[in-house]
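Enquirer:
Numbering (this note's numbering), first residue to last: 3 to 532.
(1) When you compare each of 230, 373 and 450 to residue 323 by their alpha carbons, which one comes out closest?
(2) With H, G and I counted as helix, E and B as strand and the rest as coil, what does DSSP make of residue 164?
(3) Could you tell me the boundaries of the beta strand (DSSP E) in which residue 265 lies?
(4) Whole angstroms is fine: what's the gap from residue 420's alpha carbon to residue 504's?
(5) When we look at the beta-carbon of residue 29 and count the other beta-carbons within 10 Å, is it buried (16 or more) or exposed?
(6) Relative to the C-alpha of residue 512, which residue among 246, 57 and 496 is closest?
(7) Closest to residue 266 by C-alpha separation, out of 517, 314 and 210, would be which residue?
(8) Give me the Cα-Cα distance between residue 398 and residue 361, rounded to the nearest whole angstrom.
(9) According to DSSP, is residue 175 part of a helix, a strand, or is it coil?
(10) Is it true that the region 425–445 meets the region 233–242, where meeting means three or more beta-carbon pairs spaced less than 8 angstroms apart?
(11) With burial defined as no fewer than 16 other Cβ atoms inside 10 Å of the residue's Cβ, what is the status of residue 528: buried or exposed?
(12) For residue 576 and residue 52, I'd like the C-alpha separation in whole angstroms.
(13) Less than 8 angstroms between the beta carbons of residue 109 and residue 91, yes or no?
(14) What does the Cβ neighbour count give for residue 6, buried or exposed, with the cut at 16 atoms within 10 Å?
(15) Starting from residue 391, follow the alpha helix (DSSP H) in both directions and report where the run begins and ends.
(16) Between the Cα of residue 243 and those of 510, 192, 330 and 153, spot the shortest distance and give me the residue it belongs to.
(17) Give, in chain order, every unbroken run of the beta strand (DSSP E) that is at least 3 residues long and sits entirely within the region 397–464.
(18) Within the same chain, show all residues whose beta-carbon is closer than 6 angstroms to that of residue 23, passing over the 5 residues directly before and after it, in chain order.
(19) According to DSSP, is residue 501 helix, strand or coil?
(20) Can you tell me whether residue 36 is helix, strand or coil according to DSSP?
(21) Ignore the nearest five residues each way along the sequence and tell me which others in residue 1's own chain have a CB closer than 7 angstroms to its CB.
(22) What is the residue span of the alpha helix (DSSP H) that residue 317 lies within?
(23) Which residue wins for smallest C-alpha separation from residue 200, given the options 229, 363 and 168?
(24) Measure the alpha-carbon distance for residue 180 versus residue 521 and round it to whole angstroms.
(25) Let's see if you can read the secondary structure: which residues bound the beta strand (DSSP E) around residue 153?
(26) What are the boundary residues of the beta strand (DSSP E) that residue 133 is part of?
(27) Taking three-plus beta-carbon pairs below 8 angstroms as touching, is the region 455–467 in contact with the region 32–47?
(28) Does at least one heavy atom of the ligand HEM sit under 7 angstroms from the Cβ of residue 235?
(29) For residue 515, which residues of its own chain have a beta-carbon under 7 angstroms away from its beta-carbon, when the five flanking residues on both sides are left out?
(30) Indicate the three-state DSSP secondary structure (helix, strand or coil) for residue 308 in the structure shown.
(31) Taking contact to mean at least 3 C-beta pairs separated by less than 8 angstroms, is the region 275–287 in contact with the region 200–210?
(32) Whose C-beta lies closer than 7 angstroms to the C-beta of residue 99 among residues of the same chain, with five residues either side of it excluded?
(33) Residue 79 bridges to which residues according to DSSP?
(34) With a 10 Å radius around its C-beta and 16 neighbouring C-beta atoms as the bar for buried, classify residue 377 as buried or exposed.
(35) Buried or exposed: which applies to residue 130, given that a residue is buried once 16 or more other Cβ atoms fall within 10 Å of its Cβ?
(36) Along the chain, where does the beta strand (DSSP E) containing residue 344 start, and where does it finish?
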């Protein structure tokens with residue numbers, strides 16, 4: 003705890019100096035892969051050219067999240083987080099967690115049965131599995147108990163939401179090509195599937211979401227702030243015929259259906275790999291960064307008042323095309339996978355972390371393809387900072403995460419690499435780092451982590467920040483951790499929450515900065531750290 007206090011004091015001094023200069027702060031990172039003990043690789047050939055991610059969540063209640071890494075042909079591995087608060091990163095492998103399962107392509111944490119203990123959805127090349135959390139970082143398979151048929155597909159994408167009146171989540175699983183057609187897989191995309199809760203809990207038969215166009219990322223998102231999320235699907239045009247990106251309605255009184263051109267949905271075809279969501283523009287509506295091969299998009303809602311899902315691409319305008327390597331001398335196009343918005347310098351403006359890597363010796367695309375760390379400037383543009391910040395990597399990346407791993411308020415970075423060790427970088431901060439809030443939302447039953455909640459944060463000198471609690475998106479994994487928000491120079495901020503299923507936002511509440519707050523529905527905020 004002393005380390006956290008000292009770090010915050012130094013941060014405040016540096017913040018004052020940087021504020022006077024008006025420069026965008028670029029934090030320093032230290033790679034701590036080897037000394038941290040986070041030793042694991044995502045391995046495999048053809049059926050593991052995609053996937054490979056990290057699930058980051060706290061399974062022992064010490065407010066430092068554990069890390070589960072997909073293994074492909076190797077067993078998945080859970081690592082306990084032993085990092086000292088504010089200190090070097092340290093992890094210990096937990097071989098007896100119950101998660102040493104092979105053929106895992108991705109993993110997402112969520113509390114499926116509503117018992118207050120985080121569970122896991124494991125996507126595999128083969129039958130998917132739902133793993134029940136037993137507490138103290140131990141898990142057991144619960145697929146049969148919960149009526150979940152994991153099918154026998156090449157699963158590549160996952161998302162979850164709680165539909166109105168349900169105490170169990172609706173699960174969406176995206177799948178890739180029919181791996182049995184190895185000689186000619188093009189055009190053999192398999193349907194995605196939806197699992198809706200059965201009466202009394204658990205799940206009934208999987209509902210095909212057809213057509214499927216080889217999904218690599220899916221996300222339940224309240225794109226129009228209607229209170230009812232839709233399902234966004236990002237598809238890999240390398241393997242489909244006649245397909246496109248997709249947005250599904252989830253009406254309360256009928257089956258899912260696709261948005262149509264008449265409703266404003268415009269055809270978009272990319273090599274869709276990952277989805278990252280945040281309100282970049284400050285208009286209160288989510289924007290989407292879609293990773294691809296040389297064609298990354300930043301989609302911004304054109305006219306919220308129209309009620310139509312019509313988007314403009316602002317990737318070029320804001321400097322986040324990231325279509326070629328920014329260093330290394332390879333002029334060929336980039337291949338981007340996991341993407342995540344986070345505020346690495348805590349200035350109140352979200353930044354963008356993108357993990358990259360050649361698919362598999364594709365000669366038309368860069369082999370030396372470094373990850374991006376794009377820092378947002380005050381004017382809304384982004385500046386590439388990966389090399390300056392110390393996170394330059396030419397490994398063949400896939401999944402990743404941007405999460406505070408050592409409880410110092412600074413987001414750290416993970417990159418899961420294919421056929422190479424996973425990498426981890428500790429955020430050391432530096433001149434100009436701001437204050438932060440970390441918000442853990444809680445509901446009494448069912449949707450305990452308030453998935454689907456809309457959180458607004460306002461602080462002096464900054465636009466209102468709007469965040470949505472989601473499970474899904476990214477590539478190969480996601481995290482269930484306190485919502486992390488930068489505040490710049492502000493030492494306090496006000497927040498208000500639109501809880502899932504409610505008609506509108508609750509009251510504004512003032513919170514002191516540089517703390518982790520527990521925000522339970524219909525209860526006063528409680529600081530839980532430091």
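Glycine residues also receive a C-beta, built at the ideal position from the N, C-alpha and C atoms. Just so you know, these numbers come straight off a predicted model, no measurement behind them.
Expert: A quick look at the data gives this:
(1) It is 373 whose Cα lies nearest to the Cα of residue 323.
(2) coil
(3) From DSSP, residue 265 is part of no beta strand (DSSP E); its letter is neither H nor E.
(4) 43 angstroms
(5) buried
(6) 496
(7) Nearest option by C-alpha distance: 314.
(8) 8 angstroms
(9) strand
(10) no
(11) exposed
(12) What is shown of the chain runs 3 to 532, which leaves residue 576 out entirely.
(13) No; because the gap between Cβ atoms is not below 8 angstroms, this pair is not in contact.
(14) In this predicted model, residue 6 has a pLDDT of only 40, less than 50, meaning its place in the structure is not dependable enough to derive any value.
(15) 388–391
(16) Relative to residue 243, the option among 510, 192, 330 and 153 whose CA is nearest is 192.
(17) 399–405, 414–419, 425–431, 437–444 and 456–460
(18) For residue 23, the predicted model reports a pLDDT of 44, less than 50, meaning its position is unreliable and no value from the coordinates is stated.
(19) coil
(20) helix
(21) In the structure as shown, the chain begins at 3 and stops at 532. Residue 1 is therefore absent and cannot be evaluated.
(22) Under the DSSP assignment, residue 317 falls in the alpha helix (DSSP H) whose first and last residues are 317–320.
(23) 168
(24) Rounded to the nearest whole angstrom, the C-alpha separation of residue 180 and residue 521 is 44 angstroms.
(25) First-last for residue 153: undefined, no H or E at that position.
(26) 131–137
(27) Because the criterion of three Cβ pairs below 8 angstroms is not met, the region 455–467 and the region 32–47 do not touch.
(28) The ligand HEM is not among the ligands present in this structure, which contains no ligands whatsoever.
(29) 437, 438, 439, 489, 492, 493, 494 and 495
(30) helix
(31) no
(32) 80, 139, 140 and 141
(33) 71
(34) buried
(35) buried
(36) 338–344
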